[in-house]
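Asker: Please see the structure below; I have some questions.
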Amino acid sequence: AQTVTQSQPEMSVQEAETVTLSCTYDTSESDYYLFWYKQPPSRQMILVIRQEAYKQQNATENRFSVNFQKAAKSFSLKISDSQLGDAAMYFCAYRTAPSGYALNFGKGTSLLVTP
Amino acid sequence: EAQVTQNPRYLITVTGKKLTVTCSQNMNHEYMSWYRQDPGLGLRQIYYSMNVEVTDKGDVPEGYKVSRKEKRNFPLILESPSPNQTSLYFCASSLLGTANYGYTFGSGTRLTVV
């Protein structure tokens, strides 16, 4: 079975600090794509960042970056200079063509940002 | 504006009363999918469609039906809802071609079955 594990159900960070959310996945495919989605209280699903598995370079989007360790099947999200608006549920996911292009999600990490 | 539109946003119904949640996208995406989100379980795929008249089961299809008669629409049908189908439902769409494309999600439908 293909799975995504987010081992931290909840995390807390102070405003302006840095936090890292962990994610591990298990797939037998060699070609796949990894994503982090943010779900604020409005419940809208927002794409934060994506990573192609064949690229060694870690993806970066402004204050968001990933640490992609392909051999370890690890895909952590780092949020720098945390802001109150970053408070949300964060979901790690991957997608492969052989799986019917389904997005396979982890169970999520709830991030609290304190002033 | 490119978007996925789901309706209704909130729905309370009684056990056994058939209902349909509509989903429409204006991006000409081939791929559409339905997910349900439950606390502690993340998002799980119910059904998906790769094109008109092509649908397939996801991980949790029991109790649901879908149809894809037009490219833009992908309704979710609950023929006889039960309380265990109380959940937050998302419709999503994407281009096909590679798995690089992320989904565009609708705003969600909060369904309560009493």
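Respectively, the protein sequence lines represent chains C and P. Per our numbering, numbering of the first sequence is gapless, rising by one per residue and ending at 131. Per our numbering, numbering of the second sequence is gapless, rising by one per residue and ending at 188. Note that the Cβ used here is the ideal one computed from N, Cα and C, for glycine as well. Note that the coordinates shown come from a computational prediction; the quantities given were computed from them, not determined experimentally.
Report buried or exposed for N102 of chain P, applying the criterion of at least 16 other Cβ atoms within 10 angstroms of its Cβ.
Answerer: Reading the second sequence from its first residue, position 28 is the one you call residue 102 of chain P. Looking at its Cβ environment, which holds fewer than 16 other Cβ atoms inside 10 Å, N102 of chain P is exposed.
Asker: Could you check which residue in C:G116, C:G122, C:V129 and C:G124 has the C-alpha nearest to that of M106 of chain P?
Answerer: As a working note, residue 106 of chain P is residue 32 in the second sequence. It is C:G116.
Asker: Tell me, please, whether the segment 162-181 of chain P touches the segment 101-119 of chain C by the rule of three or more beta-carbon pairs shorter than 8 angstroms.
Answerer: yes
Asker: Are P135 of chain P and T94 of chain P closer than 9 angstroms when you measure CB to CB?
Answerer: Stepping through the second sequence from its first residue, residue 135 of chain P is reached at position 61. Stepping through the second sequence from its first residue, residue 94 of chain P is reached at position 20. It is not a contact, given that the beta carbons lie outside the stated cut-off.
Asker: Please determine if the segment 65-74 of chain C and the segment 82-98 of chain C are in contact, where contact requires at least 3 C-beta pairs separated by less than 8 angstroms.
Answerer: yes
Asker: Residues in the segment 111-130 of chain P with C-beta within 8 angstroms of chain C's C-beta atoms, listed in sequence order?
Answerer: G114, L115, G116, L117, R118, Q119, Y122, M124 and D130
Asker: Under the rule that 16 or more other beta-carbon atoms within 10 Å means buried, what is Q73 of chain C, buried or exposed?
Answerer: Position 57 of the first sequence, counting from 1, holds the residue named residue 73 of chain C. Its Cβ having fewer than 16 others within 10 Å, Q73 of chain C is exposed.
Asker: Is there a Cβ of chain P sitting closer than 9 angstroms to that of F107 of chain C, yes or no?
Answerer: Position 91 of the first sequence, counting from 1, holds the residue named residue 107 of chain C. Interface residue, yes.
Asker: Is the number of C-beta pairs between the segment 115-132 of chain P and the segment 80-91 of chain P that are closer than 8 angstroms three or more?
Answerer: Remark: fewer than three beta-carbon pairs, one from each stretch, lie closer than 8 angstroms, so the segment 115-132 of chain P and the segment 80-91 of chain P are not flagged as touching.
Asker: For chain C, check one thing: does any of its Cβ atoms lie closer than 9 angstroms to the Cβ of Y138 of chain P?
Answerer: Translated into the one-based positions of the second sequence, residue 138 of chain P becomes position 64. False, the Cβ-Cβ gap to chain C never drops below 9 angstroms.
Asker: So the candidates are P:P157, P:S141, P:I120 and P:N147; which of them puts its Cα closest to the Cα of D133 of chain P?
Answerer: Taking the second sequence and counting its residues from 1, the one referred to as residue 133 of chain P is at position 59. Of P:P157, P:S141, P:I120 and P:N147, the residue nearest in Cα terms is P:I120.
Asker: Alpha carbon to alpha carbon, how far is F164 of chain P from E27 of chain P? Give it in angstroms, no decimals.
Answerer: Limits of chain P in this structure are 75 at one end and 188 at the other, which puts residue 27 of chain P out of reach.
Asker: Can you give, in chain order, each stretch of the beta strand (DSSP E) that sits fully within the segment 40-98 of chain C and has at least 3 residues?
Answerer: Taken in chain order, the whole beta strand (DSSP E) runs of length 3 or more contained in the segment 40-98 of chain C are 40-42, 49-55, 62-68, 80-85 and 90-95.
Asker: Do we get a CB-CB distance below 9 angstroms when we pair L170 of chain P with the residues of chain C?
Answerer: Position 96 of the second sequence, counted from the first residue, corresponds to residue 170 of chain P. Nearest CB-CB separation between L170 of chain P and chain C: below the 9 angstroms threshold.
Asker: Can you list, in chain order, the residues of its chain whose CB lies under 7 angstroms from that of K54 of chain C, leaving out five sequence neighbours each side?
Answerer: Residue 54 of chain C sits at position 38 when you count from the first residue of the first sequence. Hits under 7 angstroms: I62, V64, A104 and Y106.
Asker: How would you label I86 of chain P, buried or exposed, when you count the other beta carbons within 10 angstroms and need 16 or more for buried?
Answerer: Sequence index remark: in the second sequence, residue 86 of chain P carries index 12 (1-based). Burial call: exposed.
Asker: Leaving out the 5 sequence neighbours to the left and right, which residues in its chain are closer than 6 angstroms to Y48 of chain C when beta-carbon positions are compared?
Answerer: Translated into positions along the first sequence, residue 48 of chain C becomes position 32. Once the five neighbours on either side are set aside, the close Cβ partners of Y48 of chain C are A69, Y110 and T112.
Asker: Between P:N147, P:Q99, P:Q159 and P:R118, which lies nearest to R184 of chain P when the distance is taken from Cα to Cα?
Answerer: Reading the second sequence from its first residue, position 110 is the one you call residue 184 of chain P. When each option's Cα is compared against that of R184 of chain P, the closest is P:Q159.
Asker: Taking only beta-carbon atoms, is G182 of chain P less than 9 angstroms away from chain C?
Answerer: In the second sequence, counting from the first residue as 1, residue 182 of chain P sits at position 108. True, the Cβ-Cβ gap to chain C drops below 9 angstroms.
Asker: Tell me whether N158 of chain P sits in a helix, a strand or coil according to DSSP, three-state version.
Answerer: Taking the second sequence and counting its residues from 1, one reaches residue 158 of chain P at position 84. The answer is helix: DSSP assigns N158 of chain P an H, G or I state.
Asker: If I'm right that T125 of chain C touches L37 of chain C with Cβ under 8 angstroms, what's the distance once you round it to whole angstroms?
Answerer: By one-based count along the first sequence, residue 125 of chain C stands at place 109. By one-based count along the first sequence, residue 37 of chain C stands at place 21. Rounded, the Cβ-Cβ distance is 5 angstroms, consistent with contact.
Asker: Using a C-beta to C-beta distance shorter than 7 angstroms, which residues of chain P count as neighbours of M61 of chain C?
Answerer: Mapped onto the first sequence, residue 61 of chain C falls at position 45. By Cβ distance, chain P contributes F164 and F179.
Asker: Output needed for K123 of chain C: all residues of its chain with C-beta closer than 7 angstroms, excluding positions within five of it in sequence on either side, in chain order.
Answerer: Counting from one through the first sequence, the residue named residue 123 of chain C turns up at place 107. Taken in chain order, the residues that qualify are Q22.
Asker: Quick one: Cα of P25 of chain C to Cα of S181 of chain P, how far?
Answerer: Position 9 of the first sequence holds residue 25 of chain C. Position 107 of the second sequence holds residue 181 of chain P. Near 23 angstroms, if we compare the C-alpha coordinates of S181 of chain P and P25 of chain C.
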